[in-house]
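Visitor:
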Amino acid sequence: MMVQIDSEIIERCRRGETGAFRTVVQTFQPMIYSLSVKMLADEEEAKDIVQDTFIKAWQSISSFDGRYSFSTWLYTIASRLCIDRIRKLRFSEPMNDDIAVFEGYASDSNPERQLESSEWVSVIKVLAQKLSNKQRLVFTLSQLEGLDTEEIIRITGMDSTQIKSNLSLARKSVREQLIKLGYEKD
């Protein structure tokens, strides 16, 4: 579900009111961190992306187009920063500890259980290790963040065909990882 904020707060931000921007940060920080940790599979890098996202948002708030939701705009900034960071870093392969955390999560019978950031890191490393940057972004936005195709189009700039293709390839790769780990049958 996309988080929304009052347009008056955005206008106050445009006028340079730091108190209003503090409200923006408090409102959207969990959403941006969630996306970043799932994309990067690294808590410290995700924290850096959150900070960079809000710095960039503050610096370019005047360019925000009110026709779209503010959360879409922030997701766009954060996802581009994540892709840039992924290009600079080597996505680390899952370690035995990551696989153990994943196995613990996969065997947990409580569907309401919320993953901690460190657990997300392990799960993502295991499942997303073979995904391209675009596949990882589309998979994260769709499957892990629960966004619809229209929001993903606005965030990524891809068309619906590209999104469906990348999502299909990502799901196939994730399924292959699950089969490799013995959680699904061929």
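Residues in the sequence shown are numbered from 1 upward in steps of one, following our numbering.
All residues carry an ideal CB built from backbone N, CA and C; glycine is no exception.
#1: Between the alpha carbons of Gln4 and Phe28, how many angstroms are there, rounded?
#2: Does the segment 126 to 141 come close enough to the segment 29 to 45 to have 3 or more Cβ pairs within less than 8 Å?
#3: Kindly provide the ranges of any alpha helix (DSSP H) runs that are 4 or more residues long and lie completely inside the segment 21 to 104, ordered along the chain.
#4: If the criterion is Cβ atoms closer than 7 Å, does the pair Arg14 and Thr72 meet it?
#5: Within the continuous alpha helix (DSSP H) that includes Leu141, where are the two ends?
#6: Answer with buried or exposed for Gln177, where buried requires no fewer than 16 other C-beta atoms within 10 angstroms of its C-beta.
#7: Applying the 10 Å Cβ sphere with the 16-neighbour rule, what's the burial state of Ser79?
#8: Just confirm the distance between the C-beta atoms of Ile152 and Leu141, as a whole number of angstroms; I'd bet it's less than 8 Å.
#9: Kindly indicate which residue of Gly182, Glu44, Val138, Glu43 has the alpha-carbon position closest to the one of Tyr75.
#10: Would you decide whether Arg136 is buried or exposed? Buried here means 16 or more other CB atoms lie within 10 Å of its CB.
#11: Quick one: using the 10 Å Cβ neighbour count with 16 as the cut-off for buried, is Glu11 buried or exposed?
#12: Restricting to Cα atoms, I'd like to know which of Gln51, Ser60, Asp48, Glu150 is closest to Gly16.
Guide: According to the data block:
#1: If you number the sequence shown from 1, residue 4 lands on position 4. If you number the sequence shown from 1, residue 28 lands on position 28. Inter-residue distance for Gln4 and Phe28 is about 9 Å (C-alpha atoms, whole angstroms).
#2: yes
#3: DSSP runs (the alpha helix (DSSP H)) wholly in the segment 21 to 104: 43 to 59, 70 to 88.
#4: Here residue 14 refers to the residue found at position 14 when the sequence shown is read from its first residue. Here residue 72 refers to the residue found at position 72 when the sequence shown is read from its first residue. Taking 7 Å as the cut-off, the Cβ atoms of Arg14 and Thr72 do not count as close.
#5: Translated into positions along the sequence shown, residue 141 becomes position 141. Note, Leu141: premise wrong, no alpha helix (DSSP H); not H, not E.
#6: Here the question's residue 177 lines up with position 177 in the sequence shown. By the neighbour-count criterion, in which a residue is buried when 16 or more other Cβ atoms sit within 10 angstroms of its Cβ, Gln177 is buried.
#7: Taking the first residue of the sequence shown as position 1, residue 79 is located at position 79. Buried, by the Cβ-count rule.
#8: Taking the sequence shown and counting its residues from 1, one reaches residue 152 at position 152. Taking the sequence shown and counting its residues from 1, one reaches residue 141 at position 141. Between Leu141 and Ile152 the Cβ distance is about 5 Å, and since that is below 8 Å, they are a contact.
#9: The residue labelled residue 75 in the question sits at position 75 within the sequence shown. That would be Val138, whose Cα lies nearest to the Cα of Tyr75.
#10: Residue 136 sits at position 136 when you count from the first residue of the sequence shown. Per the 10 Å Cβ criterion, buried.
#11: As a first step, residue 11 is located in the sequence shown; it is residue number 11 there, counting from the start. Counting Cβ neighbours within 10 Å, Glu11 comes out exposed, since fewer than 16 surround it.
#12: Against the sequence shown, residue 16 aligns to sequence position 16. Out of Gln51, Ser60, Asp48, Glu150, Ser60 has the C-alpha closest to the C-alpha of Gly16.
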